[in-house]
Structures are given as structure tokens and as C-alpha cells.
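Mapped onto my numbering, the consecutive letters of the sequence shown carry residue numbers 3 to 334.
Ideal placement from N, C-alpha and C gives every residue a C-beta, glycine not left out.
Note that the structure is a prediction, hence the values are computed from the model and not measured.
One structure is given here, and the rest of the page talks about it.
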Amino acid sequence: MLTREKALDVRYRLRRLRRTRTMRQMVQEHTLRPDDFIYPLFVQEGTQRRDPIGAMPGQFRLSVDLLPAEIELISRLGIPAVLLFGISPYKDARASYATDREGVVPKAIRAIKRTNPDLVVVTDVCVCAYTEHGHCGIIREDGYVDNDSSLTVLAEMALTHAEAGADIVAPSAMMDGQVQAIREKLDEAGFTETAIMAYSAKYASAFYGPFREAADSAPQFGDRRSYQMDPPNAREAVREVLADVAQGADIVMVKPGLAYLDVVHRVREAVDVPLAVYNVSGEYSMLKAAAEKGWIDERAVGLEMLMAFRRAGADLIITYLAKEAAQWLKDS
Ligand code: PBG
């Protein structure tokens, strides 16, 4: 036990190595670099469209013609990857636009690869922005989201992205068996090199509020609690992750981030595959809102928060702050 006496003993002095910036850097346990970031991008049909997202200041829904300039900026900042979300011009029960080879996501992938073939393109694979009811899968007659018929659509959607040139597909629908269904579909079609980043431990979270406005993907009835994880559960997250790894996930993910750092840590201890954390829309909005009011120092709090994800054990951070944070890191 660290008694008062011992604490005063010189051997227990911990401040010596904090004295100068150089010394602090020498003993720094974790790092934060632009290489750790994945930047989410919302893409939509049309031309010259750059529509601001209300609750996410600094984030936009971009038309494909505006992507090259955006991609050049992202690449210049040293960010290695983007995560694409498509905004659907129409919605139906079977999410048909999600598998349209000429849809906005395939077009965006091709435009990005023409601009910078080295930039890693990750695509979100989920139908909530494409279904008229806004759920992440296909709805049964009684209103329940049907697991197995959803798998067929998700696998087809992933293949659509792989064919257009996506490097990584990221299933986020939280249907059981989605990783295996996608892996089999991709392999059958010869896309054995396309990787899968699984949204393994994705919670039914109120932190997604601003995103649903951005992607126009709010459920029209009910909620997502019958497929996304229940916030009180942490052990279950490890089971989700192990199931996804067994099904062939190359990267696993915990989402949201800030309120789930304990889950990030548990998952880190449980598996060796690369681990991503999603610093979601509501977390970004809270930072922006408090900074706008002058209540917190945006840069300092932003970097501290991102470092916390690394300390908890994440290799990769999906964050709307990627561009600003990369610039902050350059300046520091
Ligand atoms: C699609 C999806 C969501 C997010 C990422 N993929 C929304 C949801 O599940 O309701 C949320 C991302 C964010 O809040 O930044 N299912």
C-alpha cells in the first residue's frame, strides 16, 4: 500500500520524468498520428453540391464532382483512408439503390481512386439510408427486421462496392452472420483481396442523432434495439467481436467511442486483429457546441479525446475531426 510515509519517500517520486517536454515525449506511452485516422464522407447525387449538416459544423454532404478536391486535401493532410456513406435519392422496401452499380457510392469510389489510387476507400454497408422505413435490414410483415433476408442484400451491396474498387467494406447493420455472408459473396466473385472491417460491437446509441440527419437514415418507426447492442452490456461485445473474427473480419470495431472506452479496452485484450473505434456524430457535435460557446478549448479537448481512444487500445479512429486533428498535429 502507498502509505503517506512511502509517498514522501524519494523512490516513489513520479514527477522527475515529467519535468521537460522532451523527457515527457521520451516516456510517452501512446502516440496519435494522422495515419490513425479514417475520415467519414457523405456523398450524394447532383453537381456542385456541398450541403452543410446542421448539427455537425464543418461536415458536408458532397456531390461526386466535388470529391477530387476534397480527396487531395485529405491526402495532403496525411490521412490514409475515408469511409463512405451514400445518400439515397429514393427509398424502397428492398433498398434497391444500395446495389445500383451506377449509384452514388460506386461513382464516388471510382472518382476517389482516379484522384488518388493509394487512398484507402472503406464503404459503409448498411441499408438504413436506402429503405423507406429507415431500418438496417429487410422488414418482415409483422414489422420485425428479418436477419437472413437482410444478409442477401448486405452481401450484394458489399459486392457492388468491391466491384467499384473499394478496398474495405464495413458492414454496420448488426445482422448476425453478416461478415460471413459478405466474405462468401466476395470470394465467390473473385474479390478475395477486399477486406472487411466489421462494426462488431455497435450499440443502440443516442449518440448517432446528428448522423441520422446527415444520412437521412432515421428509422420511421420503432428503434434499432432489436439488432444493435444494449448499452449496459460489455461482455457481450467480446462475443460479437469473436464471432466476427471467426467469420473472417479483418478489422473489428467498437462504436460509439467516448462512452464505450471500457469496451474498446476489453476488445483489445481479447483479440489481436486491428481494432477501430468510431468517434461518432454526437461526440463531434458535443465538442463543436461547447467550443462554439467558448466553454472548452476545442483543439486541446479534441486531441485529448483522440489520444484516449489510442490509450484504450484502438489502432484506428474513425472521426469527423480527422482533418482538423491532422492539421493540429502538424502545427504542434
Ligand atoms: C448505419 C450507420 C449509423 C452510423 C454509422 N453507420 C447510424 C445508425 O446505426 O443509426 C452512425 C455514425 C455516427 O453517428 O457518426 N447503420
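Checklist entry - Is there contact here, the segment 20-28 with the segment 297-306, by at least three beta-carbon pairs under 8 Å? => result no
Item to check | Backbone secondary structure at Lys187 - three-state DSSP | outcome: The count along the sequence shown starts at 1 and reaches residue 187 at position 185. Residue state, collapsed to three classes: helix.
Next on the checklist: By the DSSP assignment, the beta strand (DSSP E) with Ala203 in it spans what residues?
Outcome noted: Position 201 of the sequence shown, counted from the start, is the residue given in the question as residue 203. Start and end: Ala197 to Lys204.
Checklist entry - Assuming Gly105 contacts Gly88 under a Cβ cut-off of 8 Å, what Cβ separation, rounded to an integer in Å, is found between them? => result As a first step, residue 105 must be located in the sequence shown, where it is residue number 103. As a first step, residue 88 must be located in the sequence shown, where it is residue number 86. Between Gly88 and Gly105 the Cβ distance is about 6 Å, and since that is below 8 Å, they are a contact.
Checklist entry - Roughly how far, in whole angstroms, is the beta-carbon of Val254 from the beta-carbon of Asp246, given that I think they are within contact range, below 8 Å? => result Residue numbering aside, residue 254 sits at position 252 when the sequence shown is read from its first letter. Residue numbering aside, residue 246 sits at position 244 when the sequence shown is read from its first letter. Yes, Val254 and Asp246 are in contact; Cβ-Cβ is about 6 Å, under 8 Å.
Checklist entry - Which residue comes first and which comes last in the alpha helix (DSSP H) that contains Ile76? => result Numbered from its first residue, the sequence shown carries residue 76 at position 74. Per DSSP, Ile76 belongs to the alpha helix (DSSP H) from Leu69 to Arg78.
Item to check | Bridge-paired residues (DSSP) for Phe311 | outcome: As a working note, residue 311 is residue 309 in the sequence shown. Answer is none; Phe311 lacks a bridge partner.
Next on the checklist: Closer than 6 Å to a non-hydrogen atom of ligand 1 - does that hold for the CB of Val84?
Outcome noted: Mapped onto the sequence shown, residue 84 falls at position 82. Val84: no, Cβ never under 6 Å from ligand 1.
Next on the checklist: Need the endpoints of the alpha helix (DSSP H) that Asp345 sits in, please.
Outcome noted: Nothing in the structure corresponds to residue 345, since the chain is present only between 3 and 334.
Item to check | Near ligand 1: Ser283 beta-carbon under 6 Å from a heavy atom | outcome: Mapped onto the sequence shown, residue 283 falls at position 281. True, at least one ligand heavy atom lies under 6 Å from that Cβ.
Checklist entry - According to the Cβ coordinates, are Pro221 and Gly284 closer than 7 Å? => result Mapped onto the sequence shown, residue 221 falls at position 219. Mapped onto the sequence shown, residue 284 falls at position 282. No.
Checklist entry - Which residue or residues does DSSP assign as beta-bridge partners of Lys335? => result With the chain running from 3 to 334 in the structure shown, residue 335 is simply not present.
Next on the checklist: If you follow the alpha helix (DSSP H) that Ser151 is in, where does it begin and where does it stop?
Outcome noted: Here the question's residue 151 lines up with position 149 in the sequence shown. Taken as a continuous stretch (DSSP letters only), the alpha helix (DSSP H) holding Ser151 covers Asn149 to Ala166.
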